[in-house]
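Enquirer: Protein chains in written order, with UniProt numbering: chain A, 1 to 465; chain B, 1 to 465.
C-beta: ideal position from N, C-alpha, C; glycine also.
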């Protein structure tokens with residue numbers, strides 16, 4: 001085990017001599033095993049090891065005991081120790097993100113604070129082969145391409161994962177054989193978070209019914225995908241540089257003829273790359289966005305425009321393909337019929353998925369900012385996506401009286417400029433949802449609701465995990 | 001719907017004027033919808049439509065009623081009708097394949113017989129978007145790379161799938177709106193086959209707990225993977241032709257220097273391609289085989305040899321990489337220790353996965369020719385993979401007395417030549433398994449068995465579905 005981890009560290013260059021390595025230690029088996037394995041590696045590579053522990057403030061006394069346990073271990077081992085207590089639930093609410101994501105941001109933020117004191121370094125985390133399998137299943141279920149199937153890497157920027165290729169079984173065996181003391185993180189045992197549900201329900205079900213070696217099969221899938229995806233990325237980078245005519249802060253111009261000679265697999269990657277360069281991120285760019293641009297760039301008429309998230313525009317002229325940061329070029333007034341299934345409107349750039357499900361089927365799904373449920377039997381006529389009209393009123397969820405939409409916007413401190421851009425979903429009589437904001441009380445899912453309308457909005461800040 | 005199917009037919013060239021198209025009709029909703037959609041398409045494209053029905057002889061009278069139903073429909077519609085009764089269970093036993101696979105072989109065999117009478121043509125089958133999702137999940141669970149994630153294609157050789165991009169929901173709606181009469185295939189409702197289990201248990205679980213649009217997400221994954229995988233295949237073909245020095249019936253010689261300049265993603269594909277050319281098939285070539293050859297070809301010493309399935313050998317000399325059909329070059333006597341996890345022995349070319357599981361966890365998994373269960377508590381000492389030794393004895397499963405292994409081979413009519421090659425798995429005292437043949441009665445899993453040893457052999461005829 002020690003040899004395997006040392007091999008990983010050397011092969012992927014995870015730790016070099018004199019590096020500062022902060023290892024996040026919860027006290028659970030995975031992070032305790034990582035800690036002891038890093039101590040072993042230190043015998044071969046002379047680096048500086050620092051232990052950090054974050055108390056997420058969700059498990060009261062028990063969490064305090066864990067903190068004291070890790071602190072005591074650090075002292076015994078003679079390793080510097082830092083800890084911090086945070087409130088991930090409050091932080092999540094404040095930032096409008098899930099508490100899992102909040103926890104992650106707080107943890108890494110703290111680790112980097114520590115590293116700053118030391119003049120920089122890397123963060124070692126205890127992700128293992130089982131975590132990788134869970135990540136893959138999560139991504140497969142939520143929707144991904146082969147780039148997502150690569151899963152987590154041994155090293156991403158300043159984060160290193162020295163035990164990524166070791167299964168939880170082997171970690172537990174190591175802990176047992178070495179008599180390493182650990183604590184039990186009970187939050188890992190509740191199937192409330194998506195990841196725990198995958199770990200505690202889905203994977204055991206697959207192991208029992210389909211493949212007892214599912215963890216290893218998914219590991220191989222991640223390795224194969226990662227190799228293919230890296231090759232495709234590098235190849236597309238080369239082609240991008242060949243096709244590129246001009247790359248400025250506000251626009252990218254590509255050679256139409258050279259672009260059209262590429263395979264669609266490479267074209268898609270070049271479009272993704274260009275958009276990412278202008279926006280600084282990929283989130284929210286869906287496969288439908290990309291294939292609309294692919295169609296436009298291959299067959300589209302000069303003058304046609306496609307709107308992408310964050311006001312990015314794709315268009316063509318005689319010789320060129322252009323992707324640029326525009327003023328958001330949404331029609332002054334727009335109104336589109338929404339159908340069951342996927343709805344993508346290139347001229348405004350919005351992307352919705354619409355379903356109607358029997359009430360029983362949505363019990364376990366939680367709504368969020370971009371995923372909302374409505375009583376389908378209350379819907380009159382067609383569903384319409386449009387921007388606001390003079391005189392629009394709506395009844396915010398939880399309230400009884402209706403309100404001018406304009407007043408709602410004012411109360412929510414939404415700038416005049418934005419008010420015209422926020423889409424609403426309405427039927428022939430009322431507004432159901434001010435997208436990204438409140439839903440209407442009229443369409444609330446009640447106990448006697450039979451069919452539930454599920455609307456998912458893919459916004460440009462959608463995070464995959 | 002008619003327009004969408006016609007678009008698919010045109011776009012992928014599924015049906016041309018004057019084609020003979022045999023459509024397999026079970027009488028269920030999917031195939032009846034396909035039948036009516038093809039009748040619509042016939043109004044635009046002048047082709048010859050033929051209905052075929054196979055009675056698999058597993059549901060007695062009910063199956064006969066289905067056959068008569070399809071026959072009556074064919075008559076009403078004025079379309080030629082052929083039917084055949086088969087015994088897929090007997091056929092499966094005879095051929096040593098699952099009854100699902102047997103059913104598939106018998107169906108396609110019959111369809112091709114019909115087409116032969118017409119001078120050739122294509123077979124239309126009713127695979128839909130849900131079937132595609134099931135295929136992807138099955139492959140993901142069993143282990144696959146991105147090439148497998150492409151799933152089924154609209155056209156593969158002589159098989160066309162005109163409704164592959166239509167979901168089961170939409171098919172049912174179409175059936176309802178058009179008032180098309182159908183029968184219910186009850187074998188689809190039993191979660192006994194892997195595929196039915198995925199359909200009836202796994203997908204609904206994922207829809208309820210993780211993603212109500214899982215079918216569409218998997219569809220997108222298949223489309224993306226198929227685009228990427230086709231590009232990688234074409235690119236590797238080009239590189240293969242560049243690197244190839246000589247391609248004969250019994251060997252392939254590649255240029256070492258040019259090979260080493262390729263990305264590992266492409267190297268893997270070139271090795272797969274070369275091996276496939278010599279063997280005529282890919283089945284049984286695992287990722288471990290391929291990565292051993294990649295290592296040999298990139299870093300290996302001249303003179304080292306790797307054994308691949310079916311007696312294919314990979315080796316290098318000063319300037320060349322060689323893949324050749326050898327005499328099976330297995331050491332005369334060999335003996336290797338087997339460990340928990342994956343075991344691959346390049347010098348003999350065998351590949352085993354070994355697990356130990358608690359008894360409760362294997363209740364639903366069925367053993368087959370290459371997947372066997374043993375009582376782990378009966379195992380003494382190390383597990384060993386070896387060929388036969390003089391004086392070997394073993395107690396075939398279901399028998400009480402022990403038998404000379406030699407006599408067992410004679411009874412099984414195994415040629416002398418093969419007898420030395422068949423590997424056995426033994427512990428320090430007895431033979432557990434004559435691999436590919438019988439297991440030992442001594443290690444039978446009993447009611448009081450606590451830990452089960454699971455051994456999976458990846459043989460060169462392993463079929464993925």
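Do you know offhand how far residue 16 (chain B)'s Cα is from residue 107 (chain B)'s?
Expert: Locating residue 16 (chain B) in the second chain gives position 16, counting from the first residue. Locating residue 107 (chain B) in the second chain gives position 107, counting from the first residue. Going by the C-alpha atoms only, they are around 23 Å apart.
Enquirer: How about residue 225 (chain A): is its C-beta nearer than 8 Å to some C-beta of chain B?
Expert: Within the first chain, residue 225 (chain A) is the residue found at index 225, counting from 1. With 8 Å as the cut-off, residue 225 (chain A) counts as an interface residue toward chain B.
Enquirer: Is residue 442 (chain A) helix, strand or coil when you go by DSSP?
Expert: In the first chain, counting from the first residue as 1, residue 442 (chain A) sits at position 442. Correct three-state label for residue 442 (chain A): helix.
Enquirer: Leaving aside the five residues before and after residue 40 (chain B) along the sequence, list all residues of the same chain whose C-beta is less than 8 Å from its C-beta, in chain order.
Expert: In the second chain, the residue the question calls residue 40 (chain B) occupies position 40. Around residue 40 (chain B): 2, 5, 6.
Enquirer: Please give the ranges of any alpha helix (DSSP H) in the region 145-190 of chain A, keeping only runs that are unbroken, at least 4 residues long and fully inside the region.
Expert: 146-149, 168-177, all fully within the region 145-190 of chain A.
Enquirer: Could one say the Cβ of residue 261 (chain A) lies closer than 8 Å to chain B's Cβ atoms, at least one of them?
Expert: On the first chain, position 261 is the one that residue 261 (chain A) refers to. With 8 Å as the cut-off, residue 261 (chain A) does not count as an interface residue toward chain B.
Enquirer: For chain B, find out if any of its Cβ atoms is closer than 8 Å to the Cβ of residue 143 (chain A); answer yes or no.
Expert: By one-based count along the first chain, residue 143 (chain A) stands at place 143. Yes - at least one Cβ of chain B is within 8 Å of the one on residue 143 (chain A).
Enquirer: For residue 326 (chain A), which residues from the same chain have a beta carbon less than 6 Å from its beta carbon, with the 5 sequence-adjacent residues on both sides left out?
Expert: Translated into positions along the first chain, residue 326 (chain A) becomes position 326. The answer, listed in chain order, is 311, 313.
Enquirer: Any C-beta of chain A sitting closer than 8 Å to the C-beta of residue 461 (chain B)?
Expert: What you label residue 461 (chain B) is simply residue 461 of the second chain in a count that begins at 1. Because residue 461 (chain B) sits at a pLDDT of 40, beneath the cut-off of 50, its placement in the model cannot be relied upon, and the following sentence gives the value as read from the coordinates. Cβ-Cβ to chain A under 8 Å: no for residue 461 (chain B).
Enquirer: Strictly below 9 Å CB to CB, what residues from chain B border residue 272 (chain A)?
Expert: As a first step, residue 272 (chain A) is located in the first chain; it is residue number 272 there, counting from the start. Under the 9 Å cutoff, chain B gives no residues; its nearest Cβ is about 11 Å from residue 272 (chain A).
Enquirer: Between the Cα of residue 292 (chain A) and those of A:331, A:323, A:100, A:280, spot the shortest distance and give me the residue it belongs to.
Expert: Counting from one through the first chain, the residue named residue 292 (chain A) turns up at place 292. Comparing Cα-Cα distances from residue 292 (chain A) to each of A:331, A:323, A:100, A:280, the minimum goes to A:323.
Enquirer: Quick check on the DSSP output: what are the complete beta strand (DSSP E) runs of length 3 or more inside the region 180-261 of chain B, in order along the chain?
Expert: Fully enclosed beta strand (DSSP E) runs of 3 or longer: 244-247, 251-255.
Enquirer: Could you check the C-alpha separation between residue 352 (chain A) and residue 457 (chain A) for me, to the nearest Å?
Expert: The residue you call residue 352 (chain A) lines up with position 352 of the first chain. The residue you call residue 457 (chain A) lines up with position 457 of the first chain. When rounded, the distance between both Cα atoms is 5 Å.
Enquirer: Determine the contact status of residue 83 (chain B) and residue 67 (chain B), defining contact as a CB-CB distance below 8 Å.
Expert: The residue labelled residue 83 (chain B) in the question sits at position 83 within the second chain. The residue labelled residue 67 (chain B) in the question sits at position 67 within the second chain. Their beta carbons are under 8 Å apart, which means residue 83 (chain B) touches residue 67 (chain B) by this criterion.
Enquirer: Starting from residue 343 (chain B) and walking both ways along the beta strand (DSSP E), at which residues does that stretch end?
Expert: Mapped onto the second chain, residue 343 (chain B) falls at position 343. Residues 341-345.
Enquirer: Starting from residue 29 (chain A), follow the alpha helix (DSSP H) in both directions and report where the run begins and ends.
Expert: For the purposes of this step, residue 29 (chain A) is taken as the residue at position 29 of the first chain. Unbroken alpha helix (DSSP H) run through residue 29 (chain A): 29-42.
Enquirer: Return the residues of the UniProt domain "Lysidine-tRNA(Ile) synthetase C-terminal" (383-455) of chain B that lie within a Cβ-Cβ distance of less than 7 Å from chain A, sorted by chain order.
Expert: Answer set for the UniProt domain "Lysidine-tRNA(Ile) synthetase C-terminal" (383-455) of chain B: 454.
Enquirer: Between which two residues does the alpha helix (DSSP H) containing residue 63 (chain A) stretch?
Expert: Sequence index remark: in the first chain, residue 63 (chain A) carries index 63 (1-based). That run of the alpha helix (DSSP H) goes 60-77.
Enquirer: Rank A:42, A:232, A:126, A:121 by C-alpha distance to the C-alpha of residue 25 (chain A) and give the top, closest one.
Expert: Indexing the first chain from 1 puts residue 25 (chain A) at position 25. Cα-wise, what sits closest to residue 25 (chain A) is A:126.
Enquirer: For a cutoff of 8 Å on Cβ pairs, would you count residue 212 (chain A) as touching chain E?
Expert: In summary, chain E is missing from the structure at hand, where the protein chains are A and B.
Enquirer: Checking contacts by CB at 8 Å: is residue 464 (chain B) closer than that to chain A?
Expert: Taking the first residue of the second chain as position 1, residue 464 (chain B) is located at position 464. Reliability fails at residue 464 (chain B), whose pLDDT of 35 lies under 50, so the model's placement of it is uncertain and the value that follows must be treated cautiously. No, no contact with chain A.
Enquirer: Might you give, ordered along the chain, the residues of its own chain that have their beta carbon closer than 6 Å to the beta carbon of residue 392 (chain B), omitting 5 neighbours on each side?
Expert: Along the second chain, read from residue 1 onward, the residue named residue 392 (chain B) stands at position 392. The answer, listed in chain order, is 405.
Enquirer: Using a Cβ-Cβ distance cut-off of 8 Å, determine whether residue 232 (chain A) contacts chain B.
Expert: As a working note, residue 232 (chain A) is residue 232 in the first chain. Taking Cβ atoms only, chain B reaches closer than 8 Å to residue 232 (chain A), which makes this a yes.
Enquirer: What are the residues that DSSP puts in a beta bridge with residue 456 (chain A)?
Expert: For the purposes of this step, residue 456 (chain A) is taken as residue 456 along the first chain, with counting starting at 1. Its beta-bridge partners are A:353, A:371.
Enquirer: Taking the beta strand (DSSP E) that residue 324 (chain A) belongs to, which residues open and close that run?
Expert: The residue you call residue 324 (chain A) lines up with position 324 of the first chain. It spans 320-325 - the beta strand (DSSP E) in which residue 324 (chain A) sits, taken as one unbroken run.
Enquirer: Along chain B, which residues have their Cβ under 7 Å away from the Cβ of residue 265 (chain A)?
Expert: Your numbering for residue 265 (chain A) matches position 265 in the first chain. Neighbours of residue 265 (chain A) on chain B, chain order: 227, 228, 231.
Enquirer: Between the C-alpha atoms of residue 424 (chain B) and residue 367 (chain B), what's the straight-line distance to the nearest angstrom?
Expert: Indexing the second chain from 1 puts residue 424 (chain B) at position 424. Indexing the second chain from 1 puts residue 367 (chain B) at position 367. The straight-line gap from Cα to Cα measures roughly 18 Å.
Enquirer: From residue 462 (chain B) to residue 386 (chain B), what does the alpha carbon distance come to, in whole angstroms?
Expert: The count along the second chain starts at 1 and reaches residue 462 (chain B) at position 462. The count along the second chain starts at 1 and reaches residue 386 (chain B) at position 386. Summary for residue 462 (chain B): the model assigns pLDDT 38, below 50, so the residue's position carries little reliability; its value from the coordinates is reported in the next sentence. So the alpha carbons of these two residues sit roughly 21 Å apart.
Enquirer: Go ahead and pull the three-state DSSP assignment for residue 274 (chain B).
Expert: Locating residue 274 (chain B) in the second chain gives position 274, where the first residue counts as 1. Helix.
Enquirer: For chain A, find out if any of its Cβ atoms is closer than 8 Å to the Cβ of residue 217 (chain B); answer yes or no.
Expert: For the purposes of this step, residue 217 (chain B) is taken as residue 217 along the second chain, with counting starting at 1. Residue 217 (chain B) counts as touching chain A.
Enquirer: Going by CA-CA distance only, name the one from B:357, B:317, B:77, B:435 that's closest to residue 42 (chain B).
Expert: The count along the second chain starts at 1 and reaches residue 42 (chain B) at position 42. The option with the nearest alpha carbon to residue 42 (chain B) is B:77.
Enquirer: Is residue 5 (chain B) close to chain A, meaning its C-beta is less than 8 Å from at least one C-beta of that chain?
Expert: Residue mapping note: residue 5 (chain B) aligns to position 5 of the second chain, counting from 1. Residue 5 (chain B) does not count as touching chain A.
Enquirer: Are the beta-carbon atoms belonging to residue 121 (chain B) and residue 21 (chain B) less than 8 Å from one another?
Expert: Within the second chain, numbered from 1, the residue matching residue 121 (chain B) stands at position 121. Within the second chain, numbered from 1, the residue matching residue 21 (chain B) stands at position 21. Yes, Cβ-Cβ distance for residue 121 (chain B) and residue 21 (chain B) is below 8 Å.
Enquirer: Does the region 253-271 of chain A come into contact with the region 224-234 of chain B, if we say contact requires no fewer than three beta-carbon pairs (one atom in each stretch) closer than 8 Å?
Expert: Yes: at least three Cβ pairs fall under 8 Å.
Enquirer: Name the chain B residues whose beta carbon is nearer than 8 Å to that of residue 310 (chain A)?
Expert: Taking the first residue of the first chain as 1, we reach residue 310 (chain A) at position 310. None at all; the shortest Cβ gap to chain B is about 22 Å.
Enquirer: What's the C-alpha gap between residue 57 (chain A) and residue 73 (chain A)?
Expert: Stepping through the first chain from its first residue, residue 57 (chain A) is reached at position 57. Stepping through the first chain from its first residue, residue 73 (chain A) is reached at position 73. Near 21 Å, if we compare the C-alpha coordinates of residue 73 (chain A) and residue 57 (chain A).
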